[in-house]
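Written out below as structure tokens is the structure these notes cover.
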Amino acid sequence: MQKDSLNSEVRDADKLSSHGASIYYLGSTIFIIGIVLIVLGSALVMIYQIEYASEKIKILYTILSIAVGIILILVGINLMIRQAKKGYAIILASVVFSILASYLFYTNYINNFYYPLVSYIFGLYILAFLGLLGNAFASVIVWIIGNKPVYQTIGKEKHHLYTDEEIQRDIEEATQKSIETAVNQLEFDLEALPKDIIVGKTVPESPGTVIRVKDDIDEVINLSHTLGPLAKEKFGSVGIDRASSLLADTMSQDKKKKGRLFSHKMKSAEKKEAKQFEKAKKINEIKRKKQKKIEAKRKEREASKKEKDLKKKKIEAEHKKKMEMEKAHKEATIRERKAKEEAVRLEKQKKKEQRKLQKKKN
Amino acid sequence: MAKGLDIGTMNIICAEKDQEDIVFTQQRNAFMDLDSNDLTKNMLDTTKVLYIETEDGISLIGEDAFKFATIFEKVARRPMTQGIISPKEKEAIPIMKLIVERVLGKPGNQNEILYISTPANPIDTDLNVLYHKKTMEALTKGLKYETHVIDEGLAVIYSELSDYDFTGIGISVGAGMTNVTLAYLATPLMSFSIARGGDWIDEQVAKATGMPKEHITHAKEKISKLNKEVKLGSIEGALTVYYDALMTYVIKNLDRKLAEITPPKVAFPVAIAGGSAQPEGFFELFEKKLIEAKLKVELSKIKHVKDPLLSVARGCLIAARTQEEKKSYDLKQQKELKKEEQKEQPKEEQS
Chain A
575 MQKDSLNSEV
585 RDADKLSSHG
595 ASIYYLGSTI
605 FIIGIVLIVL
615 GSALVMIYQI
625 EYASEKIKIL
635 YTILSIAVGI
645 ILILVGINLM
655 IRQAKKGYAI
665 ILASVVFSIL
675 ASYLFYTNYI
685 NNFYYPLVSY
695 IFGLYILAFL
705 GLLGNAFASV
715 IVWIIGNKPV
725 YQTIGKEKHH
735 LYTDEEIQRD
745 IEEATQKSIE
755 TAVNQLEFDL
765 EALPKDIIVG
775 KTVPESPGTV
785 IRVKDDIDEV
795 INLSHTLGPL
805 AKEKFGSVGI
815 DRASSLLADT
825 MSQDKKKKGR
835 LFSHKMKSAE
845 KKEAKQFEKA
855 KKINEIKRKK
865 QKKIEAKRKE
875 REASKKEKDL
885 KKKKIEAEHK
895 KKMEMEKAHK
905 EATIRERKAK
915 EEAVRLEKQK
925 KKEQRKLQKK
935 KN
Chain B
-10 MAKGLDIGTM
0 NIICAEKDQE
10 DIVFTQQRNA
20 FMDLDSNDLT
30 KNMLDTTKVL
40 YIETEDGISL
50 IGEDAFKFAT
60 IFEKVARRPM
70 TQGIISPKEK
80 EAIPIMKLIV
90 ERVLGKPGNQ
100 NEILYISTPA
110 NPIDTDLNVL
120 YHKKTMEALT
130 KGLKYETHVI
140 DEGLAVIYSE
150 LSDYDFTGIG
160 ISVGAGMTNV
170 TLAYLATPLM
180 SFSIARGGDW
190 IDEQVAKATG
200 MPKEHITHAK
210 EKISKLNKEV
220 KLGSIEGALT
230 VYYDALMTYV
240 IKNLDRKLAE
250 ITPPKVAFPV
260 AIAGGSAQPE
270 GFFELFEKKL
280 IEAKLKVELS
290 KIKHVKDPLL
300 SVARGCLIAA
310 RTQEEKKSYD
320 LKQQKELKKE
330 EQKEQPKEEQ
340 S
């Protein structure tokens, strides 16, 4: 079944092409005949030395050959050009009018060439001439426009014809998407180091070269402002391409709407965009400065708080020291007193013993 | 506290905030094989060299691998090549896991936010970076971090173009790849990479001068200045030539990609970072080439980055802390909503 339909399509295409070729050859033949007739007519003018007083039959043949020649040239050109709708109908009508005009002229020129018949003959001829000329012009214009197709009408439906680049891009995007989906579904089973790997002694101790840089990274505040609380970052080639193509589409649609006549409006729109960007930049700068001030104040407060805490700690430490010293002093005095009391008591005991010894002696 | 991690072909750098400072922990992404015996192990332990021991022998890790490679005239192996995990190195993933674990350390709290840098898809080769991204993400998630991924070029924009509302072009010239991102108000509009970087320069200079690649890498990191007036036959001359070639290549591809999009009509500043952008004279040369190229977008300023090597890690840290703040803001909002709902419930009950 499919083969039969294919074969019939091929046969139809062959027919069409042969039909087109035959019309073209017919047109070119008629064109040549027309040229020959005009040449003949021009020759007859010179041969017969046509003037006002020349014989009417000679004038008739001369005019007829030139007139018919002109019509045949126009018919030939029309047949050689690809016709728009109703093109062939216009050609046919023009040919009919020209034949009618020629016939009337031929039958009436010698004896009956008076108005209003002359105007009818002339009118018919002019209609035919203009019809053929206008039809040729219109067909050429349609052919020129038709060579830049984005839309091709097939029956009543319009179909978008994709360029090679668009097809390639769609294929790449679909491939990339499927790879990303497949890769995202992968689940790696990450075990610890393979058992046959023994780590050297220094490995656990040394992470690498350490570099310390004084840096507040204020960029974090700016990035939060720029992205906004609800914004999402998109990276990865599909996301970026989509963002870029959306931007391009938006800008190209704006351009199409405005068109060339409104190019000055485009320029002012671009200026507006740049102004808006500058405005947003300024606003962001002001926000950044405010945030920096707030941060600086906060840091000041924290620094002063730290200082106060340090002072407090110092005072506490001094107080503690003082207390300890006083305690130590007290303890020392108590010890002294005790020592003195002990010394006094020993003295007394000594004296007592001496008195006892004396008594014994006595 | 959140962390940023730059996983580069040559260096793995972690950035973390510690009071008023940012602490960068850097380790070379390289390893080198040595024959295993007790004497070697003792020597390595005494000199505190990082190494691991396998059935096949000893592998030195990190900066020491590079130093020993230069001394013993051996080749330092790299777990990553052209910005992604090397398919030729079987031990790439265990080595990288070890280095990343050492550099990152343990998370300070549960599901600590971590942003890791990954390259964009290259436009001059048919490499795909998705598998590498997923592997790195899984590796860090396995260490109990809440991992997010960010393009290297975008990390440079976050780090360096805050004064321009994160609008501009960020270029990271690394060892394996050069990443480029164009962003407008922190939203990336275009992102791509080129499979050429510092390693490509080393290879070309090594071929041109006949010297080993490790020597060239070492000389490149110690080079005084990129200058067109050099001694005949010197490495500096060859390095300048190939740096020039790399810049031209990057700018040509940037111009080509800019033709495919419709960027907003604003002036874009450019920030250039990355380990391979460190040599003195690099920015001046790149600036000159960018101005001469007359790109399809207007350039306002080409920013000289203070620490090109640390910029990507810093950008990742900024992204991580922003995410952390956003998370805490969302939590606050949820709590407030709950409170309001709880207040309304008793009122309804009374009525």
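Residue numbers (my numbering), protein chains in the order written: chain A, 575 to 936; chain B, -10 to 340. C-beta atoms are modelled at their ideal positions from N, C-alpha and C, and glycine is treated no differently. Quick caveat, the model's predicted, so the values are computed rather than measured.
- DSSP places Gln15/B within a strand segment (E or B) once states are collapsed to three.
- Interface flag for Ile240/B against chain A is unset, since no Cβ pair is found closer than 7 Å.
- In this structure, the beta-carbon distance from His293/B to Phe271/B does not fall below 7 Å.
- Following the DSSP letters along the chain, one finds Leu298/B in no beta strand (DSSP E), marked with neither H nor E.
- Under the three-state reduction of DSSP output, Val255/B falls in the coil class, being neither helix nor strand.
- For Thr603/A, there are no C-beta contacts with chain B under 8 Å, since the nearest C-beta of that chain is about 51 Å from it.
- With 16 or more other Cβ atoms from the protein chains shown falling within 10 Å of its own Cβ, Lys123/B counts as buried.
- Here the C-alpha atom of Gln750/A lies approximately 15 Å from the C-alpha atom of Ser180/B.
- The secondary-structure analysis by DSSP pairs Arg66/B across a beta bridge with Phe20/B.
- Contiguous beta strand (DSSP E) elements confined to the segment 28 to 55 of chain B occur at 40 to 43, 46 to 50, taking only those with 3 or more residues.
- Taking the Cβ atoms as the reference, Pro111/B lies roughly 6 Å from Ile183/B, within the contact range of under 8 Å.
- Residues of the segment 131 to 150 of chain B with a C-beta atom less than 8 Å from some C-beta of chain A are Gly131, Val138, Ile139, Asp140, Leu143, Tyr147, Ser148, listed in chain order.
- Taking the CA atoms as reference points, Tyr40/B sits about 12 Å from Asp24/B.
- By the rule that beta-carbons nearer than 7 Å mark a contact, Leu884/A does not touch chain B.
- Interface residue (Cβ-Cβ distance to chain A less than 7 Å): Ile307/B is classified as such.
- Within its own chain, the residues whose Cβ lies closer than 8 Å to the Cβ of Leu611/A, once the five positions on either side in sequence are excluded, are Ser639, Ile640, Val642, Gly643, Leu646, listed in chain order.
- Residues of chain B with a Cβ closer than 8 Å to the Cβ of Ser798/A are, in chain order, Thr311, Glu314, Lys315.
- Chain B has a Cβ within less than 7 Å of the Cβ of Ile785/A.
- Neighbourhood of Asn117/B in chain A, by CB distance below 8 Å: Ile753, in chain order.
- Contacts with chain B at 7 Å (Cβ-Cβ) include Glu793/A.
- If you check each beta-carbon in the segment 849 to 871 of chain A against every beta-carbon of chain B, the ones closer than 7 Å belong to Phe851, Lys855, Asn858.
- Rounded to the nearest angstrom, the gap between the Cα atoms of Ala712/A and Pro252/B is 41 Å.
- Leu704/A is not a Cβ neighbour of Leu653/A, given a cutoff of 7 Å.
- Under the three-state reduction of DSSP, Ser75/B is assigned to coil, being neither helix nor strand.
- At a C-beta separation below 8 Å, Lys879/A has no neighbours in chain B, since its nearest C-beta there lies roughly 15 Å away.
- Counting along the chain, Ala675/A sits inside the alpha helix (DSSP H) bounded by residues 661 to 686.
- If you check the CB distance, Glu126/B and Thr114/B do not come in under 7 Å.
- At the C-beta level, Cys305/B and Tyr104/B come within 7 Å of one another.
- In the three-state scheme derived from DSSP, where H, G and I count as helix and E and B as strand, Ala4/B is classed as strand.
- Counting every other CB atom within 10 Å of its CB across the protein chains shown gives Thr170/B a total of 16 or more, marking it as buried.
- When only Cα atoms are considered, Glu141/B and Ile291/B end up about 18 Å apart.
- Cβ atoms of Leu678/A and Tyr694/A come within 8 Å of each other, at about 7 Å.
- Closest in alpha carbon position to Asp10/B, among Ile791/A, Ala702/A, Tyr662/A, Thr783/A, is Ile791/A.
- One Cα belongs to Thr737/A, the other to Pro177/B, and the distance between them is close to 27 Å.
- Ser106/B and Asp(-5)/B do touch by the CB rule: their CB atoms are close to 5 Å apart, below 8 Å.
- By the Cβ rule, the segment 45 to 64 of chain B counts as touching the segment 12 to 23 of chain B, because three or more pairs are nearer than 8 Å.
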